[in-house]
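What follows is a short report on a single structure.
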Amino acid sequence: MTTTNEPPPAVEDLLGDMERRFGEGALMRLGDAGSRLNVDGIPTGALSLDVALGIGGLPRGRIVEIYGPESAGKSTVAQHVIAEAQRLGGQAAYIDVEHALDPEFAGRLGIDTSQLLIAQPDTGEQALEIAEALVRSNAIDVVVVDSVAALVPRAEIEGEMGDVQVGLQARLMSQALRKLTGVVSRSKTVLIFINQLREKVGIVFGNPETTPGGRALKFYSSVRIELRRAETLKDGQLVIGSRVKAKVVKNKVAPPFRTAEFDLMFTADEYGISKTGCLIDLGAEPAPGAPTGSPTVIKKQGSFYSYGETRLGQGRERTKAFLREHSDVAVEIEDRIREERGLRGPTMLTPEEGVGAAEPIAKPPPKKKARARAS
215 MTTTNEPPPA
225 VEDLLGDMER
235 RFGEGALMRL
245 GDAGSRLNVD
255 GIPTGALSLD
265 VALGIGGLPR
275 GRIVEIYGPE
285 SAGKSTVAQH
295 VIAEAQRLGG
305 QAAYIDVEHA
315 LDPEFAGRLG
325 IDTSQLLIAQ
335 PDTGEQALEI
345 AEALVRSNAI
355 DVVVVDSVAA
365 LVPRAEIEGE
375 MGDVQVGLQA
385 RLMSQALRKL
395 TGVVSRSKTV
405 LIFINQLREK
415 VGIVFGNPET
425 TPGGRALKFY
435 SSVRIELRRA
445 ETLKDGQLVI
455 GSRVKAKVVK
465 NKVAPPFRTA
475 EFDLMFTADE
485 YGISKTGCLI
495 DLGAEPAPGA
505 PTGSPTVIKK
515 QGSFYSYGET
525 RLGQGRERTK
535 AFLREHSDVA
545 VEIEDRIREE
555 RGLRGPTMLT
565 PEEGVGAAEP
575 IAKPPPKKKA
585 RARAS
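Numbering (our numbering), first residue to last: 215 to 589.
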């Protein structure tokens with residue numbers, strides 16, 4: 215059998231027939247569809263999480279689930295994704311099923327609330343129909359459904375308080391996701407579902423935690439991120455934030471099971487994800503695969519941090535304050551981190567006008583020789 219690069223005539227006839235019957239692009243070669251199948255990402259606002267995701271953010275045209283216990287930062291991370299999409303010139307919508315969105319909090323995270331679309335549906339069916347309409351429009355870059363656990367089927371709302379409704383929410387999600395998956399894949403939208411945790415009954419061995427809404431969302435999601443609060447950050451006795459650990463438990467666009475940590479701050483200087491904290495974490499650790507002893511972007515000696523000839527500060531909080539004041543240095547550090555880790559996409563920081571230049575490391579003055587005492 216002679217092997218040639220020319221496709222058989224029957225294949226060309228088949229491609230033409232499929233295009234006539236089902237429309238352009240119904241059947242194509244993977245090489246021809248490569249540009250359409252490439253996955254772009256929208257940054258999360260946490261560079262460490264973008265690195266763990268592998269493509270620099272959450273993938274467009276895919277379904278994403280963010281879940282975890284209460285006060286882990288799920289809604290905050292989703293709102294940061296909205297802020298990043300708006301910063302890049304995109305549009306976003308927030309389906310507030312829990313009826314708990316705080317406009318002031320969202321504004322402090324960087325969201326332009328005057329441009330954010332918001333819906334507060336009465337039933338789960340209404341929420342998912344709104345989500346489908348938003349995605350079909352192909353005019354929205356990010357759609358957030360907050361949360362799956364709060365999606366109440368219409369039959370449950372119309373029934374009595376004590377009525378037993380078995381599997382209604384799971385069937386609702388399964389039916390909706392069968393429709394949404396194809397719609398989302400043909401769009402540029404990131405569809406984010408926020409979910410909570412529940413305890414399985416009667417589990418003695420193994421993990422008793424599960425997410426409500428059945429198994430459908432687990433299967434249809436291209437990315438699943440688990441968030442947990444690792445520690446509470448304090449300034450003396452005052453709580454100023456929390457350290458969050460994120461684990462990418464499922465990833466269809468990059469290697470899965472990577473982890474990331476970042477700070478969620480609630481102070482006058484920083485609100486939400488600490489972008490400068492992510493720079494310090496990533497800059498002070500060697501890039502994956504680098505030989506032992508390789509130089510890092512940010513050098514740490516004891517409690518002091520430095521970048522090249524520039525001393526950044528003593529201690530983590532002072533170093534973060536320095537990077538906020540000198541965003542030109544912060545942008546340069548971020549560019550180097552992205553280059554080291556092969557991370558594409560826009561930078562999360564932009565140089566601000568009127569920012570002072572950083573000072574080089576000051577050399578100590580020469581010691582004066584002690585004079586001999588006159589006898």
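Using N, Cα and C, we set each Cβ at its ideal position, and we do this for glycine too.
How would you write the range of the alpha helix (DSSP H) that residue i sits in, first residue to last?
i, result
"residue 402", "Looking at the DSSP string, residue 402 is not in any alpha helix (DSSP H), and its letter there is neither H nor E."
"residue 523", "That residue, residue 523, is in no alpha helix (DSSP H); it is neither H nor E in DSSP."
"residue 306", "That residue, residue 306, is in no alpha helix (DSSP H); its beta strand (DSSP E) goes 306-310."
"residue 325", "From DSSP, residue 325 is part of no alpha helix (DSSP H); its letter is neither H nor E."
"residue 535", "530-539"
"residue 430", "430-434"
Please classify residue i as buried or exposed, where buried requires at least 16 neighbouring CB atoms within 10 angstroms.
i, result
"residue 409", "buried"
"residue 429", "exposed"
"residue 272", "buried"
"residue 252", "exposed"
"residue 534", "buried"
"residue 465", "buried"
"residue 371", "exposed"
"residue 482", "exposed"
"residue 298", "buried"
"residue 244", "exposed"
"residue 302", "exposed"
If you check the beta carbons only, do residue i and residue j fall under 8 Å apart?
i, j, result
"residue 333", "residue 310", "yes"
"residue 339", "residue 386", "yes"
"residue 256", "residue 305", "no"
"residue 352", "residue 402", "yes"
"residue 238", "residue 435", "no"
"residue 502", "residue 510", "no"
"residue 323", "residue 293", "yes"
"residue 345", "residue 431", "no"
"residue 439", "residue 460", "yes"
"residue 444", "residue 493", "no"
"residue 417", "residue 497", "no"
"residue 395", "residue 277", "yes"
"residue 476", "residue 491", "yes"
"residue 358", "residue 296", "yes"
Under DSSP, the beta strand (DSSP E) around residue i begins and ends at which residues?
i, result
"residue 321", "No beta strand (DSSP E) contains residue 321, which is instead part of the alpha helix (DSSP H) from 317-322."
"residue 514", "513-515"
"residue 455", "452-465"
"residue 440", "437-449"
"residue 486", "485-487"
"residue 475", "473-480"
Under 7 Å: does the beta carbon of residue i sit that close to some heavy atom of the ligand SAH?
i, result
"residue 467", "For the structure depicted, the ligand SAH is absent and the ligand set is empty, with no information on it obtainable."
Measuring straight from C-alpha to C-alpha, what distance separates residue i and residue j?
i, j, result
"residue 447", "residue 474", "17 Å"
"residue 398", "residue 508", "43 Å"
"residue 407", "residue 308", "11 Å"
"residue 453", "residue 536", "22 Å"
"residue 315", "residue 233", "45 Å"
"residue 601", "residue 236", "The structure shown has nothing for residue 601, since the chain only spans 215 to 589."
"residue 290", "residue 520", "30 Å"
"residue 260", "residue 488", "7 Å"
"residue 426", "residue 379", "14 Å"
"residue 568", "residue 562", "Any reading at residue 568 must be qualified, since the residue scores a pLDDT of 35, below 50, and its modelled position is unreliable; no value is offered."
"residue 529", "residue 512", "13 Å"
"residue 388", "residue 441", "24 Å"
"residue 275", "residue 400", "7 Å"
In chain order, which alpha helix (DSSP H) runs of at least 4 residues are fully inside the region 237-303?
Counting whole runs of 4 or more residues, the region 237-303 contains the alpha helix (DSSP H) stretches 248-251, 261-267, 288-301.
inquiry  = Report the start-end ranges of each alpha helix (DSSP H) in the region 331-410 that is 4 residues or longer and not cut off at the edges.
reply    = Runs found: 338-351, 368-372, 382-399.
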